[in-house]
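Presented below is the structure to which this report refers.
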Amino acid sequence: MGRAFEFRKARKMKRWATMSKAFTRIGKDIVMAVKEGGPDPDTNAKLRAVIQNAKSVNMPKDNIERAIKRASDKNQGDYKEVLFEGYAPHGIAVLIETATDNNTRTRANIRSYFNKCDGNLGTAGSVSFMFDHTCNFRVNADGVDVEELELEMIDFGAEEVFEDEDGILIYAPFESFGAIQSELESRNIEILSSGFERIPQVTKSLSPEQVEDVEKLLEKIEEDDDVQNVYHTMEE
2 MGRAFEFRKA
12 RKMKRWATMS
22 KAFTRIGKDI
32 VMAVKEGGPD
42 PDTNAKLRAV
52 IQNAKSVNMP
62 KDNIERAIKR
72 ASDKNQGDYK
82 EVLFEGYAPH
92 GIAVLIETAT
102 DNNTRTRANI
112 RSYFNKCDGN
122 LGTAGSVSFM
132 FDHTCNFRVN
142 ADGVDVEELE
152 LEMIDFGAEE
162 VFEDEDGILI
172 YAPFESFGAI
182 QSELESRNIE
192 ILSSGFERIP
202 QVTKSLSPEQ
212 VEDVEKLLEK
222 IEEDDDVQNV
232 YHTMEE
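Residue numbers (the working numbering): 2 to 237.
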(Lines of atoms letter the chains of each structure in order from A and count residues from 1; the text may use other names and numbers.)
(Lines give C-alpha, C1' and ligand atoms only; values in the text may rest on other atoms or scores of the structure.)
Protein backbone atom coordinates (compact mmCIF):
# COMPACT_ATOMS: atom_id res chain seq x y z
CA MET A 1 0.00 0.00 0.00
CA GLY A 2 1.11 3.56 -0.64
CA ARG A 3 1.22 6.84 1.27
CA ALA A 4 -2.46 7.58 0.74
CA PHE A 5 -3.46 4.28 2.36
CA GLU A 6 -1.28 4.88 5.42
CA PHE A 7 -2.43 8.49 5.69
CA ARG A 8 -6.10 7.50 5.53
CA LYS A 9 -5.64 4.75 8.12
CA ALA A 10 -3.98 7.16 10.57
CA ARG A 11 -6.64 9.86 10.15
CA LYS A 12 -9.70 7.62 9.95
CA MET A 13 -11.04 8.44 13.41
CA LYS A 14 -9.84 12.03 13.50
CA ARG A 15 -11.45 13.77 10.56
CA TRP A 16 -14.79 14.65 12.17
CA ALA A 17 -14.41 15.10 15.92
CA THR A 18 -18.15 15.16 16.65
CA MET A 19 -21.36 14.80 14.67
CA SER A 20 -22.37 18.41 15.34
CA LYS A 21 -19.00 19.64 14.10
CA ALA A 22 -19.42 17.53 10.96
CA PHE A 23 -22.82 19.05 10.25
CA THR A 24 -21.45 22.58 10.73
CA ARG A 25 -18.60 21.95 8.32
CA ILE A 26 -20.80 20.36 5.69
CA GLY A 27 -23.30 23.22 6.07
CA LYS A 28 -20.56 25.64 5.08
CA ASP A 29 -19.57 23.39 2.17
CA ILE A 30 -23.18 23.48 0.96
CA VAL A 31 -23.26 27.28 1.10
CA MET A 32 -20.04 27.57 -0.91
CA ALA A 33 -21.20 24.98 -3.46
CA VAL A 34 -24.61 26.63 -3.97
CA LYS A 35 -23.11 30.14 -4.24
CA GLU A 36 -20.67 28.83 -6.84
CA GLY A 37 -22.88 26.64 -8.99
CA GLY A 38 -26.54 26.99 -7.97
CA PRO A 39 -28.93 24.89 -5.85
CA ASP A 40 -29.62 22.07 -8.33
CA PRO A 41 -27.34 19.07 -7.68
CA ASP A 42 -28.11 17.70 -11.15
CA THR A 43 -26.25 20.62 -12.71
CA ASN A 44 -23.84 21.36 -9.84
CA ALA A 45 -21.20 18.64 -9.53
CA LYS A 46 -19.66 20.23 -6.44
CA LEU A 47 -23.01 20.27 -4.65
CA ARG A 48 -23.59 16.60 -5.58
CA ALA A 49 -20.28 15.74 -3.93
CA VAL A 50 -21.15 17.68 -0.76
CA ILE A 51 -24.54 15.97 -0.52
CA GLN A 52 -22.83 12.58 -0.80
CA ASN A 53 -20.53 13.57 2.07
CA ALA A 54 -23.50 14.74 4.13
CA LYS A 55 -25.18 11.37 3.70
CA SER A 56 -21.95 9.55 4.62
CA VAL A 57 -22.03 11.15 8.11
CA ASN A 58 -25.78 10.49 8.44
CA MET A 59 -26.85 14.10 8.08
CA PRO A 60 -30.69 13.99 7.85
CA LYS A 61 -32.23 14.73 4.47
CA ASP A 62 -34.28 17.59 5.98
CA ASN A 63 -31.06 19.22 7.25
CA ILE A 64 -29.50 19.00 3.80
CA GLU A 65 -32.56 20.49 2.09
CA ARG A 66 -32.77 23.33 4.64
CA ALA A 67 -29.07 24.10 4.16
CA ILE A 68 -29.52 24.30 0.38
CA LYS A 69 -32.55 26.56 0.80
CA ARG A 70 -30.68 28.88 3.19
CA ALA A 71 -27.69 28.99 0.86
CA SER A 72 -29.98 30.07 -1.99
CA ASP A 73 -31.20 33.07 0.01
CA LYS A 74 -29.57 36.28 -1.25
CA ASN A 75 -29.24 37.45 2.37
CA GLN A 76 -27.15 34.42 3.27
CA GLY A 77 -23.55 35.44 3.81
CA ASP A 78 -20.84 33.76 1.78
CA TYR A 79 -17.89 31.77 3.07
CA LYS A 80 -14.43 31.97 1.57
CA GLU A 81 -11.85 29.21 1.68
CA VAL A 82 -8.69 30.55 3.31
CA LEU A 83 -5.50 28.58 3.90
CA PHE A 84 -3.22 29.23 6.88
CA GLU A 85 0.32 27.89 7.25
CA GLY A 86 2.73 27.75 10.13
CA TYR A 87 4.93 25.74 12.44
CA ALA A 88 3.99 23.98 15.66
CA PRO A 89 6.67 23.35 18.31
CA HIS A 90 9.55 21.01 17.38
CA GLY A 91 9.53 21.97 13.69
CA ILE A 92 6.18 20.41 12.77
CA ALA A 93 4.60 22.04 9.73
CA VAL A 94 0.86 22.76 10.03
CA LEU A 95 -1.56 23.50 7.20
CA ILE A 96 -5.07 24.74 8.07
CA GLU A 97 -8.07 24.92 5.75
CA THR A 98 -10.80 27.32 6.86
CA ALA A 99 -14.18 28.46 5.58
CA THR A 100 -14.84 31.95 6.92
CA ASP A 101 -17.14 34.92 6.49
CA ASN A 102 -14.69 37.13 8.39
CA ASN A 103 -11.05 36.62 7.47
CA THR A 104 -9.83 39.21 9.99
CA ARG A 105 -11.45 37.30 12.86
CA THR A 106 -10.22 33.93 11.65
CA ARG A 107 -6.63 35.10 11.13
CA ALA A 108 -6.55 36.68 14.60
CA ASN A 109 -7.84 33.48 16.18
CA ILE A 110 -5.40 31.23 14.35
CA ARG A 111 -2.50 33.53 15.20
CA SER A 112 -3.45 33.48 18.89
CA TYR A 113 -3.42 29.66 18.95
CA PHE A 114 0.08 29.55 17.51
CA ASN A 115 1.31 32.22 19.93
CA LYS A 116 -0.17 30.51 22.99
CA CYS A 117 1.36 27.15 22.08
CA ASP A 118 4.89 28.30 21.14
CA GLY A 119 4.28 28.01 17.42
CA ASN A 120 4.60 30.46 14.55
CA LEU A 121 2.00 31.46 11.98
CA GLY A 122 3.78 31.68 8.65
CA THR A 123 3.17 33.37 5.32
CA ALA A 124 1.46 31.94 2.25
CA GLY A 125 3.57 29.19 0.73
CA SER A 126 5.76 28.68 3.80
CA VAL A 127 4.74 25.03 4.34
CA SER A 128 2.19 24.12 1.65
CA PHE A 129 4.95 22.81 -0.61
CA MET A 130 5.51 20.02 1.94
CA PHE A 131 2.08 18.52 1.23
CA ASP A 132 0.62 16.84 -1.85
CA HIS A 133 -2.88 18.18 -2.59
CA THR A 134 -5.01 15.15 -3.43
CA CYS A 135 -8.61 14.26 -4.14
CA ASN A 136 -10.30 11.09 -3.00
CA PHE A 137 -13.45 9.08 -3.61
CA ARG A 138 -15.04 6.31 -1.59
CA VAL A 139 -17.26 4.12 -3.76
CA ASN A 140 -19.56 1.17 -3.11
CA ALA A 141 -17.57 -2.05 -3.51
CA ASP A 142 -20.58 -4.22 -4.37
CA GLY A 143 -20.02 -5.86 -7.74
CA VAL A 144 -16.82 -3.89 -8.39
CA ASP A 145 -13.47 -5.57 -9.07
CA VAL A 146 -10.81 -3.46 -7.34
CA GLU A 147 -7.95 -4.38 -9.67
CA GLU A 148 -10.04 -3.77 -12.78
CA LEU A 149 -11.27 -0.45 -11.43
CA GLU A 150 -7.70 0.61 -10.68
CA LEU A 151 -6.58 -0.13 -14.23
CA GLU A 152 -9.52 1.84 -15.63
CA MET A 153 -9.16 4.83 -13.30
CA ILE A 154 -5.43 5.25 -14.00
CA ASP A 155 -6.41 6.80 -17.35
CA PHE A 156 -8.29 9.51 -15.43
CA GLY A 157 -5.47 10.31 -13.00
CA ALA A 158 -5.90 7.79 -10.18
CA GLU A 159 -2.68 6.97 -8.33
CA GLU A 160 -3.91 4.63 -5.59
CA VAL A 161 -6.98 2.40 -5.42
CA PHE A 162 -7.57 0.13 -2.43
CA GLU A 163 -10.38 -1.50 -0.49
CA ASP A 164 -11.23 -1.35 3.20
CA GLU A 165 -14.25 -2.37 5.27
CA ASP A 166 -16.20 0.73 4.16
CA GLY A 167 -15.74 0.48 0.41
CA ILE A 168 -13.15 1.23 -2.26
CA LEU A 169 -10.96 4.33 -1.99
CA ILE A 170 -9.50 6.15 -4.98
CA TYR A 171 -6.73 8.73 -4.54
CA ALA A 172 -5.55 11.09 -7.26
CA PRO A 173 -4.01 14.54 -7.71
CA PHE A 174 -6.30 17.48 -6.85
CA GLU A 175 -6.71 18.37 -10.53
CA SER A 176 -8.19 14.95 -11.41
CA PHE A 177 -11.32 15.35 -9.27
CA GLY A 178 -13.72 16.38 -12.05
CA ALA A 179 -12.58 13.72 -14.52
CA ILE A 180 -12.85 10.89 -12.01
CA GLN A 181 -16.21 12.08 -10.65
CA SER A 182 -17.65 12.21 -14.18
CA GLU A 183 -16.29 8.78 -15.09
CA LEU A 184 -17.62 7.11 -11.94
CA GLU A 185 -21.05 8.66 -12.49
CA SER A 186 -21.10 7.60 -16.15
CA ARG A 187 -20.39 4.01 -15.05
CA ASN A 188 -23.16 4.19 -12.41
CA ILE A 189 -20.66 3.40 -9.67
CA GLU A 190 -22.12 4.71 -6.42
CA ILE A 191 -19.96 7.43 -4.85
CA LEU A 192 -20.37 7.24 -1.07
CA SER A 193 -18.20 10.26 -0.30
CA SER A 194 -15.48 12.37 -1.85
CA GLY A 195 -13.19 15.21 -0.91
CA PHE A 196 -9.71 16.64 -0.81
CA GLU A 197 -6.76 16.02 1.49
CA ARG A 198 -3.21 17.23 1.85
CA ILE A 199 -0.80 14.37 2.42
CA PRO A 200 2.58 15.24 3.98
CA GLN A 201 5.52 14.26 1.77
CA VAL A 202 7.71 13.57 4.81
CA THR A 203 6.72 13.10 8.47
CA LYS A 204 8.75 13.67 11.62
CA SER A 205 8.84 11.37 14.64
CA LEU A 206 8.63 13.02 18.07
CA SER A 207 8.95 11.88 21.67
CA PRO A 208 5.71 11.45 23.69
CA GLU A 209 6.39 14.74 25.48
CA GLN A 210 6.93 16.58 22.20
CA VAL A 211 3.76 15.02 20.73
CA GLU A 212 1.81 16.50 23.66
CA ASP A 213 3.18 19.96 22.85
CA VAL A 214 2.03 19.69 19.24
CA GLU A 215 -1.34 18.17 20.15
CA LYS A 216 -2.14 21.15 22.39
CA LEU A 217 -1.90 23.44 19.38
CA LEU A 218 -3.75 21.09 17.02
CA GLU A 219 -6.65 20.71 19.48
CA LYS A 220 -7.07 24.47 19.83
CA ILE A 221 -7.08 24.91 16.06
CA GLU A 222 -9.51 22.05 15.42
CA GLU A 223 -12.00 23.43 17.96
CA ASP A 224 -12.34 26.70 16.02
CA ASP A 225 -15.68 26.90 14.17
CA ASP A 226 -14.02 28.39 11.07
CA VAL A 227 -11.60 25.47 10.68
CA GLN A 228 -12.50 22.75 8.20
CA ASN A 229 -9.35 20.59 8.18
CA VAL A 230 -5.93 20.53 9.80
CA TYR A 231 -2.90 18.74 8.35
CA HIS A 232 0.58 18.37 9.81
CA THR A 233 3.92 16.61 9.33
CA MET A 234 4.03 14.90 12.73
CA GLU A 235 4.22 11.12 12.44
CA GLU A 236 0.91 9.64 13.63
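Glycine is no exception: its CB is placed at the ideal position from the N, C-alpha and C atoms.
The beta carbons of residue 224 and residue 231 sit no closer together than 7 Å. Proximity of the segment 162–180 to the segment 128–146 meets the contact definition, three or more beta-carbon pairs being nearer than 8 Å. A straight-line Cα-Cα distance of about 7 Å links residue 151 and residue 159.
Within the segment 23–82, complete alpha helix (DSSP H) segments of at least 4 residues are found at 46–57, 62–73, given in chain order. If you check the CB distance, residue 32 and residue 94 do not come in under 7 Å. Here the segment 88–105 makes contact with the segment 200–209; the two share three or more CB pairs at distances below 8 Å.
For secondary structure counted as the alpha helix (DSSP H) over 4 or more consecutive residues, the segment 97–179 holds these complete runs in sequence order: 104–117, 147–155.
Taking a cut-off of 8 Å for Cβ pairs, the segment 185–197 and the segment 139–158 touch, as three or more such pairs fall below it. Residue environment analysis places residue 199 among the buried positions, since at least 16 neighbouring C-beta atoms fall within 10 angstroms of its C-beta. Sixteen is the threshold: since fewer than 16 other Cβ atoms of the shown chains lie within 10 Å of the Cβ of residue 81, the residue is exposed. Under the DSSP assignment, residue 201 falls outside any alpha helix (DSSP H), being part of the beta strand (DSSP E) whose first and last residues are 192–201. Judged by their CB atoms, residue 101 and residue 83 are nearer to each other than the 7 Å cut-off.
Sequence-distant Cβ neighbours of residue 78 in its own chain, meaning closer than 6 Å and more than five residues away, are 102. Per DSSP, residue 205 lies in no alpha helix (DSSP H) segment and is marked neither H nor E. In the DSSP assignment, residue 233 forms a beta bridge with 95.
Excluding sequence positions up to five before and after residue 184, its CB lies within less than 6 Å of the CB of 157, all in the same chain and listed in chain order.
Under DSSP, residue 84 takes part in a beta bridge, and its partners are 98. Take the alpha-carbon of residue 129 and the one of residue 212: they are about 21 Å apart.
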